[in-house]
Amino acid sequence: STISGDDQDGQNMWYLPADKVALNTGLYLFDDKVTTGLKIVNVGERDVQAMDRMGNINYETHSGYTLVDLYVSWAISDQLDLRFAADNLLDREYQVMAGTGGAIGDYGLGRNIKTQLSYSF
């Protein structure tokens with residue numbers, strides 16, 4: 008995806024997200040009871056405008072990054088489902104769009120692992 012634009016005064020919109028390419032692929036196994044997948048997201052660098060505590064405007068560049076996620080879901084029965092996901096598998100440090108310092112951006116999550124057991128009735 009690519010998003011670009013100018014504000015009502017014809018100035019760059021500094022809070023827009025960076026260019027992004029995503030690939031999500033997976034397999035269905037055991038009569039679709041088990042789903043496995045791999046997601047790769049590549050985010051390009053982006054220029055940002057930020058204001059410091061003194062009101063001065065600074066221009067910076069957020070570096071581009073690539074995130075790799077893995078996931079597995081197992082439908083144990085019609086009511087019971089078990090899920091596992093490992094996000095940011097390579098533990099990349101990256102800045103997300105926006106943040107508490109203007110458009111400087113907060114850092115995204117490092118490697119994290121999630122599990123979920125759900126029951127439907």
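The opening position of the sequence shown corresponds to residue 8 in our numbering, with each subsequent residue numbered one higher.
Glycine is no exception: its CB is placed at the ideal position from the N, C-alpha and C atoms.
As the structure is a computational prediction, the values presented were derived from the model and not from experiment.
Practice task
Jot down the residue ranges of each uninterrupted beta strand (DSSP E) in the stretch 33-119, minimum 3 residues, whole runs only, in chain order.
Solution key: 41-50, 53-58, 64-69, 72-82, 87-94
Problem - Simplified DSSP state of Q123, which is helix, strand or coil - result: strand
Practice task
Give a yes or no on whether the C-beta atoms belonging to I120 and V75 are separated by under 8 angstroms.
Solution key: no
Problem - Straight-line gap, R53 to E67 (C-alpha atoms, nearest Å) - result: 8 angstroms
Handout entry: the stretch 57-71 / the stretch 81-91 touching (three or more Cβ pairs under 8 angstroms)
Key = no
Problem - Beta-carbon proximity of G117 to V103, cut-off 8 angstroms - result: no
Handout entry: 6 angstroms CB neighbourhood of A6 in its chain, flanking five on each side removed
Key = No answer is possible for residue 6: it lies beyond the span of the chain, which begins at 8 and ends at 128.
Handout entry: Outcome for A25 when other beta-carbon atoms lying within 10 angstroms are tallied against a minimum of 16
Key = buried
Problem - DSSP three-state assignment for G26, whether helix, strand or coil - result: The question names Gly, yet the displayed sequence has Asp at residue 26. In this structure, D26 counts as coil in the three-state DSSP scheme.
Practice task
Classify D16 as helix, strand or coil using the three-state DSSP reduction.
Solution key: coil
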